[in-house]
Amino acid sequence: MIFERPDYYNQFSCIAGDCPMTCCAGWEVDVDAASRDFFLELKGPIGDEVRSVMVDSEDGGDYAVFPLTDEGNCPFLASNKLCRLYSALGEEGFCETCSEYPRYFGVTGSHQQIDLTLSCPEVVRIFFATTSPVTFVTTEDIMDGEELSADETLRLSEVYRFRDAVMEDLTNAFSGSEFFPEILLSHSKDLSTFDTATLPDLLASTEVLDERWQEVLDAIQTTGSHQKAFPVNDTDIAPFFLRLAQYFLFRYSIDIFYGSSRDDILLLILRSLTTILWIYESGWCALPSQSCRLTLDEKELSAPLSSKEEKVIRLMDATLIFSRQIEHSLENVEILKKARS
């Protein structure tokens, strides 16, 4: 089995109650089959409480769901932002969804892609700690993956050749002056230009996962930031957009194997970067209690932030809310991927 992960992957460690946000709000928690069976047999008051809120999946699958409370939280989120199941049961109290987040694992044949999602403030802090290009670490063990047909093996190798070629061009752009959206378009079959005209409507049509999303869309419209287009000439933030392009390329290229086109992925990357740019340019920033500013340590917070630091934090907030709104909904990802401008 071949494993691929970004260079920052091993830097992550959950900061639990110190996090400015919580991963236990806004999304229903899927309870995998093994955890569901464990909870069904769990003794004592905590077992009774779990069974009182856990419901079977609506699609008839072998998993269950913890529906959100009226406040939009997991029913086991405590006031100190910690998990009551974990407090009572330790690691056994975590279902697969909770134990893995914000990690992402995708297996195709003998390849496993391992990543971290930018919907987590601590991951965002780590990601924005450097302006260097992302590098990717490959390791291998003797485990066998799922056997693919000859046609599937060929298709998968073509996906990785495409991804690696685009990644190489993006990496080279860090030391040059090439306009990186043009780099992406140069790998397209049908896209000669990138039109943002329909993007505001696409964003407005997405399923709302973050209650602040309408506030964000209003800020984009009110300030006219949706008229902003690449290139980003500000050297304080431009390298981060290249890193973000690498992030989206690494995460979503594998979708080509499962039916998306190369142009779908390129559109998704361009639209994601443009949306983050618009949120940044709008001046929208998270509430003080939810801002990536709070991922800085006390020493950093005790001193006034420089202009560059302020800009970077604003971009971190823009990235965080984009990821929380879009990347946890397959439907939202498809909206940005499929519809043509």
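Numbering-wise (this note's numbering), the sequence shown opens with residue 1 and increments by one.
Just so it is clear, CB atoms sit at the ideal spot from N, CA and C, and this is done for glycine as well.
Keep in mind it's a predicted model, so treat the numbers as computed, not measured.
- In the three-state reduction of the DSSP assignment, His328 falls in the coil class.
- Excluding sequence positions up to five before and after Ile313, its CB lies within less than 6 Å of the CB of Cys292, Arg293, all in the same chain and listed in chain order.
- Listed as beta-bridge partners of Glu4 by DSSP are Gln113, Thr138.
- CA-to-CA, the gap between Glu28 and Ser35 works out to about 15 Å.
- Residue pairing from DSSP leaves Asn172 without any beta-bridge partner.
- At a cut-off of 3 residues, not a single continuous stretch assigned as beta strand (DSSP E) sits fully inside the stretch 225 to 274.
- Take the alpha-carbon of Ser225 and the one of Cys74: they are about 34 Å apart.
- Relative to the Cα of Glu152, the nearest Cα in the group Asp236, Phe3, Gly109 belongs to Gly109.
- Counting along the chain, Tyr104 sits inside the beta strand (DSSP E) bounded by residues 103 to 108.
- Secondary structure note for Phe127: its alpha helix (DSSP H) is the uninterrupted segment 121 to 127.
- Between Asp115 and Arg243, the beta carbon gap of about 13 Å keeps them out of contact (Cβ cut-off 8 Å).
- Nearest neighbour of Leu40 by Cα position, chosen from Ile46, Asp32, Arg51, Met21, turns out to be Arg51.
- The alpha carbon of Gly44 has as its nearest neighbour, out of Tyr63, Leu77, Leu85, the alpha carbon of Leu85.
- Within the same chain, and ignoring the five residues on either side of Ala286 in sequence, the residues whose Cβ sits closer than 6 Å to its Cβ are Asp317.
- Under the DSSP definition of a beta bridge, Val31 partners with Ala64.
- Here the stretch 322 to 331 makes contact with the stretch 201 to 218; the two share three or more CB pairs at distances below 8 Å.
- Remark: three or more beta-carbon pairs, one from each stretch, lie closer than 8 Å, so the stretch 94 to 110 and the stretch 136 to 149 are flagged as touching.
- The beta carbon of Ala88 is closer than 7 Å to those of Ile46 in its chain, skipping five residues each way along the sequence.
- Counting along the chain, Phe180 sits inside the alpha helix (DSSP H) bounded by residues 180 to 185.
- Using a C-beta cut-off of 8 Å, the stretch 274 to 283 makes contact with the stretch 218 to 236, since at least three inter-stretch Cβ pairs fall below that distance.
- Taking the Cβ atoms as the reference, Thr319 lies roughly 14 Å from Val134, outside the contact range of under 8 Å.
- Exposure of Ser79 is indicated by the presence of fewer than 16 other C-beta atoms within 10 angstroms of its C-beta.
- For Ala25, the secondary structure class from DSSP, reduced to helix, strand or coil, is strand.
- The three-state reading of DSSP puts Asn10 in helix, counting H, G and I together.
- Taking Val53 as reference, the option from Phe76, Glu71, Phe38, Gly72 with the minimal CA-CA separation is Phe76.
- Shown here for Gly72: same chain residues with a beta carbon closer than 8 Å to its own, the five before and five after excluded, namely Ala25, Gly26, Glu211 in chain order.
- From the listed residues Phe66, Cys120, Lys81, the smallest Cα separation to Cys95 is found for Phe66.
- Put simply, the stretch 169 to 188 touches the stretch 262 to 273. At least three CB pairs are less than 8 Å apart.
- Between Phe12 and Gln112, the beta carbon gap of about 17 Å keeps them out of contact (Cβ cut-off 8 Å).
- In the displayed model, Asp210 falls within coil according to three-state DSSP, outside both helix and strand.
- Contact between Asp7 and Val137 holds, with the beta-carbon distance rounding to 6 Å and staying under 8 Å.
- In terms of Cα proximity to Leu203, the closest of Gln214, Phe194, Thr193 is Gln214.
- Considering only Ile265, Arg5, Leu249, the residue with the shortest C-alpha distance to Asp164 is Leu249.
- Straight-line spacing of the CA atoms in Tyr101 and Asp264 works out to 26 Å.
- Shown here for Lys311: same chain residues with a beta carbon closer than 6 Å to its own, the five before and five after excluded, namely Asp236, Ile237 in chain order.
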